Amino acid sequence: MLPVSSGRRALLVALAVLVAVTMATPAWAQSTGMCKGKVVDREGKPVEGAKVIISFKDGISRTYEVKSNKKGEFIQIGLPPGNYKVSAEKEKLGAQSFDVRVRLGEAAEVNFVLAPGAAGVTMTKEEAAKAANVKKLFDEGVAASRSSDNDGAIAKFSEALVLLPNCYDCYYNIGFAHAQKKEFDKAEQSFQKALELKPDYVEAYNGLATIYNSQKKFEDAQKASQKAAELAAAAGPTGATGGVDALYNQGVINWNAGKAEEAKANFEAALKIKPDHADSHYQLGMCYVNLGKLAEAAGEFEEYLKLAPDGQYAGQAKSLVATLKK
566 MLPVSSGRRA
576 LLVALAVLVA
586 VTMATPAWAQ
596 STGMCKGKVV
606 DREGKPVEGA
616 KVIISFKDGI
626 SRTYEVKSNK
636 KGEFIQIGLP
646 PGNYKVSAEK
656 EKLGAQSFDV
666 RVRLGEAAEV
676 NFVLAPGAAG
686 VTMTKEEAAK
696 AANVKKLFDE
706 GVAASRSSDN
716 DGAIAKFSEA
726 LVLLPNCYDC
736 YYNIGFAHAQ
746 KKEFDKAEQS
756 FQKALELKPD
766 YVEAYNGLAT
776 IYNSQKKFED
786 AQKASQKAAE
796 LAAAAGPTGA
806 TGGVDALYNQ
816 GVINWNAGKA
826 EEAKANFEAA
836 LKIKPDHADS
846 HYQLGMCYVN
856 LGKLAEAAGE
866 FEEYLKLAPD
876 GQYAGQAKSL
886 VATLKK
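Numbers given in our numbering equal positions in the sequence shown, counted from 1, plus 565.
Structure representation (structure tokens):
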């Protein structure tokens, strides 16, 4: 083992104290909007390979294109907030389009039913009114959640469930609100209910991983996070967002359990999928500090500050860079 100078030893000791008391927080949401949904035929069977075109309508010409996977699902991340026209088409099945609004940090959901000659889903007046009411309640729940009115969010999503009992997104958001209130038992019940309705719901597994981690149930957290990662990988490119969150959460869980090497591998894997995932850069830097790789740590903290100059870890990152550069 190489000798360590007294100055470097003091620095390592100071940094070791810092990383030892730093409890990382799993990811709940991304900083950009997204659009996701499912494409089925008139019999409700998934349509694989449908072309989904997402066109920005607010003055700038910007178009995104994805294809549905074998489950008929699609997702497009990194969408600037605004109004979009979302279209799906498949040879011999026709096309369908809807206008949607993407909001920052939220997922606009669009579901298509493709059938020859179909331009939209035909509903009775009563069905249309019910659908509009569900959407209104859901949007109000999202607004309440974003303003940290967790009780209001729970109330709105619960009202939506009365009209649409199989709304797995409602259960997920109720779970999220309970988690924010540190009502972990209720949060767990809601996430589990969402998974009963949608067994491949990556975000619900990530939610479970987060609440288990918060309770220092690291083994349970690891299992939930691993399941999320497996589901995201199975979904292919359409599961990229969930995959990044799952890998990041796995890293956080390993970090909080004192497994710096394993955490480092998780954060590196997340950055391979999404190189601009700022929090992964920060946490990777913390791993490098723990492992004594100080130059690499400084580089990761600097990259974090480039990507998120006002981010949740900006203050710590600046202090660490200043310390490491001495």
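C-beta atoms are modelled at their ideal positions from N, C-alpha and C, and glycine is treated no differently. Keep in mind it's a predicted model, so treat the numbers as computed, not measured.
- Task: Just the C-alpha distance for lysine 701 and arginine 627, rounded to the nearest angstrom, thanks.
- Result: About 28 Å.
- Would a C-beta distance cut-off of 9 Å place leucine 812 and alanine 789 closer than the cut-off? The answer is no: Cβ separation not under 9 Å.
- Item | Local conformation of leucine 889 per DSSP, three classes | Assignment of leucine 889 by DSSP, reduced to helix, strand and coil, places it in the helix class.
- Message: What would DSSP say about valine 612, mapped onto helix, strand or coil?
- Response: Coil at valine 612, not helix or strand.
- Message: If the criterion is Cβ atoms closer than 9 Å, does the pair valine 678 and valine 605 meet it?
- Response: Yes, the pair counts as a contact, with Cβ atoms nearer than the cut-off.
- Could you say which of Ala708, Glu705, Glu674 lies nearest to glutamate 638 if we only look at CA atoms? Nearest option by C-alpha distance: Glu674.
- Message: Going by C-alpha to C-alpha distance, which of Asn855, Asp810, Phe783 sits closest to asparagine 821?
- Response: Of Asn855, Asp810, Phe783, the residue nearest in Cα terms is Phe783.
- Contacting residues, own chain, Cβ-Cβ under 7 Å from leucine 889 (five flanking each side not counted): The answer, listed in chain order, is Leu859, Ala862, Ala863.
- Task: Return helix, strand or coil for glycine 876, following the three-state DSSP convention.
- Result: Note: glycine 876 maps to coil in three-state DSSP.
- Cβ neighbours of alanine 805 in the same chain (closer than 8 Å, five flanking residues each side left out): Low confidence applies here, because alanine 805 scores a pLDDT of 49, under 50, leaving its location unreliable and the question unanswered by this model.
- Item | Cβ distance (whole Å) where valine 651 is taken to contact valine 617 below 8 Å | Yes, valine 651 and valine 617 are in contact; Cβ-Cβ is about 7 Å, under 8 Å.
- Message: According to DSSP, simplified to helix, strand and coil, what is arginine 666?
- Response: When secondary structure is reduced to three states using DSSP, arginine 666 falls in the strand class.
- Task: Can you give me the Cβ contacts of alanine 683 inside the same chain, cut-off strictly under 8 Å, excluding the 5 residues immediately before and after it?
- Result: Here the model assigns alanine 683 a pLDDT of 49, short of 50, so the residue's position is not dependable, and the following value carries that caveat. The answer, listed in chain order, is Arg607, Gly659, Gln661.
- Local Cβ density within 10 Å of glutamate 868, reported as buried at 16 or more and exposed below that: Looking at its Cβ environment, which holds 16 or more other Cβ atoms inside 10 Å, glutamate 868 is buried.
- Item | Residue range of the unbroken alpha helix (DSSP H) whose run includes cysteine 735 | 733-745 is the span of the alpha helix (DSSP H), which, as asked, contains cysteine 735.
- Task: State the Cα-Cα distance for the pair serine 713 and arginine 668, rounded to the nearest angstrom.
- Result: Computed Cα separation, rounded: 16 Å.
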